[in-house]
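Every position in the sequence shown, counted from 1, becomes a number in our numbering once 115 is added. Just so you know, even glycine gets a beta-carbon here, dropped at the ideal spot from N, CA and C. Given the structure is predicted, the values throughout are model-derived calculations rather than measurements.
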Amino acid sequence: MAQIHNTMTDSVKRGKRFCILICLALLVSACSQTLQRQTCVALAKGVSYCLAPIPSDSQVRSVTQQVAINVNNSRHELLSQLELDREQLTLVGLAPLGQALFTLVFDGENLNSQQSMLLGDEFKAEYLLALIQLIYWPLEDVNAHLQGARLTSPECDAPRCRKIYATGNDTKENQQESLLMIRFDKRDPWQAEVELTIPQAKFELKITPV
């Protein structure tokens, strides 16, 4: 009986999250524009990343996260709802006061962005999706689509870390100078608070599960 109750509870939770996702998507569509985005981004000089397909063994996930972004001492916050299965990834973003900002849908090949006029043309959906993949996708999948650099998972003073270093000068000293660093406060990335930094761009991203 307990197992049946837990299964029913999980199903109800998934149903509620799906309903929330639909409602958020409808809010975005009320005053938005739909754009088909490029799937490659520049991370640094001579370093680029093209979005990798969705892993064939991806687990079905429904995750609510608090996202904080610092760029040149300018701070931005939003609430995100991420839905992932083997066919597509959907990400919906809300401003702290509840304004619908964007809905991103990536099917492994094409990236569509439905975004609020409030974001203007500076919002780059492909960049946000690239960072999500650098955080959560398997290392081998990321490295197959990373040009001019390599993503590693070195030992560090946190439960788990990831680091990108340029491969143009593939020396031990160069590997210590990371272009991008990701730290997790738990071994399971999806359960962890994540901190991503790009020192050259003075960029910091913090993701906290809600």
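**Message:** What would DSSP say about Val257, mapped onto helix, strand or coil?
**Reply:** Numbered from 1 along the sequence shown, position 142 holds the residue referred to as residue 257. Reduced to three states, the DSSP call for Val257 is helix.
**Message:** Let me check one thing: in DSSP terms, what residues is Cys155 bridge-paired to?
**Reply:** On the sequence shown, residue 155 is found 40 positions in, with the first residue counted as 1. Note: Cys155 sits in a beta bridge opposite Cys165.
**Short Cβ contact (8 Å threshold) for Gln196 with Val220** = Position 81 of the sequence shown, counting from 1, holds the residue named residue 196. Position 105 of the sequence shown, counting from 1, holds the residue named residue 220. The answer is no: Cβ separation not under 8 Å.
**Item:** Residue(s) in a DSSP beta bridge with Phe238
**Value:** Numbered from its first residue, the sequence shown carries residue 238 at position 123. Answer by DSSP bridge pairing: none, since Phe238 is not bridged.
**Request:** Look up Pro314 in the DSSP assignment and say whether it is helix, strand or coil.
**Result:** In the sequence shown, counting from the first residue as 1, residue 314 sits at position 199. Three-state result, Pro314: helix.
**Message:** Among Pro269, Leu216, Val186, Ile279, whose alpha-carbon lies nearest the alpha-carbon of Gly335?
**Reply:** Summary: the structure shown does not reach residue 335, with the chain confined to residues 116 through 325, and so no result is reported for it.
**Item:** Buried/exposed call for Gln248, threshold 16 Cβ in 10 Å
**Value:** As a first step, residue 248 is located in the sequence shown; it is residue number 133 there, counting from the start. Flag for Gln248 reads buried.
**Message:** If I measure Cβ to Cβ from Ala167 and keep anything under 7 Å in the same chain, skipping five residues before and after, which residues do I get?
**Reply:** As a working mapping, residue 167 is identified with position 52 in the sequence shown. Hits under 7 Å: Gln248, Trp252, Asp256, Val257, Ala259, His260.
**Request:** Leaving aside the five residues before and after Cys155 along the sequence, list all residues of the same chain whose C-beta is less than 8 Å from its C-beta, in chain order.
**Result:** As a working mapping, residue 155 is identified with position 40 in the sequence shown. Hits under 8 Å: Ser163, Tyr164, Cys165, Leu166, Glu241.
**Asked** Thinking C-alpha only, which one of Leu294, Leu244, Gln180 is nearest Pro211?
**Response** By 1-based counting over the sequence shown, the position of residue 211 is 96. Taking only the C-alpha atoms, the option nearest Pro211 is Gln180.
**Prompt:** When DSSP builds the beta bridges, which residues end up paired with Val309?
**Reply:** Locating residue 309 in the sequence shown gives position 194, where the first residue counts as 1. In the DSSP output, where bridge partners are listed per residue, Val309 has Phe299, Ile322.
**Rounded C-alpha distance that separates Pro274 from Ser268** = In the sequence shown, the residue the question calls residue 274 occupies position 159. In the sequence shown, the residue the question calls residue 268 occupies position 153. Whole-angstrom Cα-Cα distance: 11 Å.
**Request:** Report the rounded CA-to-CA distance for Ala140 versus Ala307, giving the unit in angstroms.
**Result:** On the sequence shown, position 25 is the one that residue 140 refers to. On the sequence shown, position 192 is the one that residue 307 refers to. Interpretation of Ala140 is limited by its pLDDT of 47, a score under 50 that renders its predicted location unreliable; the figure taken from the coordinates is listed afterwards. Their Cα atoms are separated by approximately 26 Å.
**Prompt:** When DSSP labels each residue in this structure, what does Ala145 get in the three-state scheme?
**Reply:** As a first step, residue 145 must be located in the sequence shown, where it is residue number 30. Only weak support is given to the placement of Ala145: the predicted model assigns it a pLDDT of 47, under 50, and the value that follows is read from those uncertain coordinates. Of the three classes helix, strand and coil, the one that applies to Ala145 here is coil, per DSSP.
**Request:** Pull up the distance between the alpha-carbon of Ser173 and that of Phe299, whole angstroms please.
**Result:** Within the sequence shown, numbered from 1, the residue matching residue 173 stands at position 58. Within the sequence shown, numbered from 1, the residue matching residue 299 stands at position 184. Straight-line Cα distance between these residues: approximately 20 Å.
**Prompt:** Relative to the alpha-carbon of Leu311, which residue among Arg302, Met296, Pro304, Lys301 has its alpha-carbon at the smallest distance?
**Reply:** Counting from 1 along the sequence shown, the entry for residue 311 is found at position 196. Looking at the Cα atoms, Met296 is the closest of the given residues.
**Prompt:** Relative to the C-alpha of Ser231, which residue among Leu243, Ala183, Ala215 is closest?
**Reply:** Working through the sequence shown from its first residue, we reach residue 231 at position 116. The candidate whose alpha carbon is nearest that of Ser231 is Ala215.
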